[in-house]
Amino acid sequence: MSTLEPTGSHNIVRARHILVETEGMADTLLEQLKNGQHFAELAKAVSRCPSKERGGELGWFRRGTMVASFEDACFQGKPDQLIKIQTEYGWHVIQVQGQAIEPGSITVEDFAKIYPHQISHVQLVDVREQNELELARLDHFFHLPLGEYEKWAEQVESGELLDKEKETIVMCHHGIRSAQMCSYLAQQGFLKVRNLIGGIDAYAHQVDPSIGVY
Numbered sequence: 002m003s004t005l006e007p008t009g010s011h012n013i014v015r016a017r018h019i020l021v022e023t024e025g026m027a028d029t030l031l032e033q034l035k036n037g038q039h040f041a042e043l044a045k046a047v048s049r050c051p052s053k054e055r056g057g058e059l060g061w062f063r064r065g066t067m068v069a070s071f072e073d074a075c076f077q078g079k080p081d082q083l084i085k086i087q088t089e090y091g092w093h094v095i096q097v098q099g100q101a102i103e104p105g106s107i108t109v110e111d112f113a114k115i116y117p118h119q120i121s122h123v124q125l126v127d128v129r130e131q132n133e134l135e136l137a138r139l140d141h142f143f144h145l146p147l148g149e150y151e152k153w154a155e156q157v158e159s160g161e162l163l164d165k166e167k168e169t170i171v172m173c174h175h176g177i178r179s180a181q182m183c184s185y186l187a188q189q190g191f192l193k194v195r196n197l198i199g200g201i202d203a204y205a206h207q208v209d210p211s212i213g214v215y
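So my numbering is basically just the index in the sequence shown, starting at one, shifted up by 1.
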């Protein structure tokens, strides 16, 4: 399969919460938050969940990770929205922090079916460092070294450097750094992100031996 179709909706979400015993306590928290008190400080002060040590942070998660009603609230809510729900554990005040489409992957064999002659519909990103390009490289890739994140992050996050709507395939040496980049891009709202499995090393060994290996 040469393209990655968007699911039409997010399938991972990031949230934080404060767990308390009664609905009255949850209502009080909502008022405090609406009046400008810091979520993390309130979580550390009153939450009954171990996540209180992280300011209530739950990180990114997919369905099947949390209690169903808690998940429903997070996936149906909107970023920055405050939500009050009850579960078997008590009353939760939830803040949805982000929603994204989980990255996919592509094998070097499938990538070879579109590269380099059918890539007008995709944008290619190489996150290896500059010295690695001198050892092995593929044409038509944007070079965004992961180690130089601070130089390009603002332009990527604003959508100035890359098209968030376009299919994006990310490559590194073995597929580890590119997987990190894929997660980052998804969290910035990129809709169709794929990690090249095995990276340029796998491409050199399985597709094109003329590409250098290191």
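For glycine and all other residues, C-beta sits at the position ideal for the given N, C-alpha and C.
E133 versus I212: straight-line alpha-carbon distance, rounded: Stepping through the sequence shown from its first residue, residue 133 is reached at position 132. Stepping through the sequence shown from its first residue, residue 212 is reached at position 211. Each residue's alpha carbon lies about 12 Å from the other.
Where G25 sits in the DSSP three-state scheme: Counted from its first residue, the sequence shown places residue 25 at position 24. Three-state result, G25: helix.
What number of angstroms, rounded off, separates the C-alpha of I107 from the C-alpha of D81? Numbered from 1 along the sequence shown, position 106 holds the residue referred to as residue 107. Numbered from 1 along the sequence shown, position 80 holds the residue referred to as residue 81. For I107 and D81, the distance between alpha carbons rounds to 33 Å.
For A205, three-class secondary structure by DSSP: Start at 1 with the first residue of the sequence shown, and residue 205 comes out as number 204. Three-state DSSP puts A205 in a helix.
Would you check if the distance between the CB atom of G99 and the CB atom of E22 is smaller than 7 Å? By 1-based counting over the sequence shown, the position of residue 99 is 98. By 1-based counting over the sequence shown, the position of residue 22 is 21. Taking 7 Å as the Cβ cut-off, G99 and E22 do not qualify as a contacting pair.
Beta-carbon within less than 7 Å of A74's beta-carbon, same chain only, minus the 5 sequence neighbours each way: which residues are those? Sequence index remark: in the sequence shown, residue 74 carries index 73 (1-based). Closer than 7 Å at the Cβ level, and outside the excluded window around A74, lie I84, I86, I95.
Going along the chain, which residues of its own chain have a beta-carbon closer than 8 Å to the beta-carbon of S48, five neighbours each way excluded? Residue 48 sits at position 47 when you count from the first residue of the sequence shown. Hits under 8 Å: H18, I19, L20, V21, G57.
Starting from I177, trace the alpha helix (DSSP H) in both directions and tell me its first and last residue. Locating residue 177 in the sequence shown gives position 176, where the first residue counts as 1. I177 -> alpha helix (DSSP H) spans 177-188.
Is there a Cβ from chain C that is less than 7 Å from the Cβ of S211? The structure shown contains no chain C, having only a single protein chain.
Exposed unless 16 or more other CB atoms sit within 10 angstroms - verdict on K193: Here residue 193 is taken as the residue at index 192 of the sequence shown, counted from 1. The residue is buried, with at least 16 neighbouring Cβ atoms inside 10 Å.
By DSSP, does K45 sit in helix, in strand, or in coil? Here residue 45 corresponds to residue number 44 of the sequence shown, with the count starting at 1. K45 falls in the helix class under three-state DSSP.
Closer than 8 Å is the cut-off here; do at least three beta carbon pairs connect the stretch 111-120 with the stretch 144-163? no
CB contact flag (F71, T88, <7 Å): The residue labelled residue 71 in the question sits at position 70 within the sequence shown. The residue labelled residue 88 in the question sits at position 87 within the sequence shown. It is a contact, given that the beta carbons lie within the stated cut-off.
Ranges of the beta strand (DSSP E) found wholly within the stretch 68-133, counting only runs of at least 3: 83-88, 91-101, 105-107, 123-127
Where does the unbroken beta strand (DSSP E) through V194 begin, and where does it stop? Reading the sequence shown from its first residue, position 193 is the one you call residue 194. Counting along the chain, the beta strand (DSSP E) containing V194 begins and ends at 194-197.
Within its chain, find whatever has a CB closer than 7 Å to the CB of L197; leave out the 5 residues flanking it on each side and keep chain order. Numbered from 1 along the sequence shown, position 196 holds the residue referred to as residue 197. Result list for L197: I107, V109, F112, I170, V171, M172, G176, S179, in chain order.
Per-residue burial, H174 [other beta carbons within 10 Å of its own, 16 or more giving buried]: Locating residue 174 in the sequence shown gives position 173, where the first residue counts as 1. H174 should be labelled buried.
Mind checking which residues open and close the alpha helix (DSSP H) that includes I157? Looking up residue 157 in the sequence shown gives position 156. Checking the sequence shown, residue 157 turns out to be Val, not Ile. Looking at the DSSP string, the run of the alpha helix (DSSP H) that includes V157 is 150-159.
Compare the Cα-Cα distances from E149 to each of R138, L31, V128, L163 and report the closest residue. Along the sequence shown, read from residue 1 onward, the residue named residue 149 stands at position 148. The candidate whose alpha carbon is nearest that of E149 is V128.
On the premise that E130 lies in contact with A187, defined as a C-beta separation below 8 Å, what is that separation, rounded to the nearest angstrom? Position 186 of the sequence shown, counted from the first residue, corresponds to residue 187. Position 129 of the sequence shown, counted from the first residue, corresponds to residue 130. The pair is not a contact, with the Cβ atoms about 23 Å apart (cut-off 8 Å).
Under DSSP, the beta strand (DSSP E) around I170 begins and ends at which residues? Position 169 of the sequence shown, counted from the start, is the residue given in the question as residue 170. Element bounds for I170: 168-172.
Under a three-way DSSP split, which group does G60 fall into? As a working mapping, residue 60 is identified with position 59 in the sequence shown. It is a strand residue.
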